[in-house]
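Here the working numbering is used: the first residue of the sequence shown is 6, the next is one more, and so on. Positions of the beta carbon are idealized from the N, C-alpha and C atoms, including for glycine.
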Amino acid sequence: MSEVQGLNIRFLAQGMLKLAPDQLPPGFFEWARDDQIKWARDFWEKCTREDFMKALPYLDMEEDSVPDCLEVDNEEYTILAETPAWKAFCSEGAQKLIAEEG
């Protein structure tokens, strides 16, 4: 007899921390891209849970709230179905910021 298992419905939430010009260091847009990324990462790491919750205003918008992954709630988290966005989110290196030219 198999053990009864639950189901996890996972989703990616679109959020945005919007910084006004006076919140950026002087000359920010003239900096090298790697320096901009480092500053943004440092800023991100200082944010609180409350800051992030305020950055999720889109959760009440229907088009930005979709299930991205169905998985069995077991030790392996067996995936039953997933969106391309979830697959990309979980892929190796997906959490790394890559500087764009320009």
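To the nearest angstrom, how far is it from the Cα of Gln41 to the Cα of Leu85?
-> 39 Å
What residues in its chain sit with their C-beta under 8 Å from that of Leu102, if we drop five residues either side in the sequence?
-> Ile42, Ala45 and Arg46
Closest by C-alpha distance to Asn13, when choosing among Glu76, Thr53, Asp27 and Glu97 = Glu76
Which of the three DSSP states, helix, strand or coil, is assigned to Ala86?
-> strand
What residues match up with Leu61 in a beta bridge as DSSP calls it?
-> None, per the DSSP bridge assignment.
Assign Trp91 to one of two classes, buried (16 or more other C-beta atoms within 10 Å of its C-beta) or exposed (fewer than that).
-> buried
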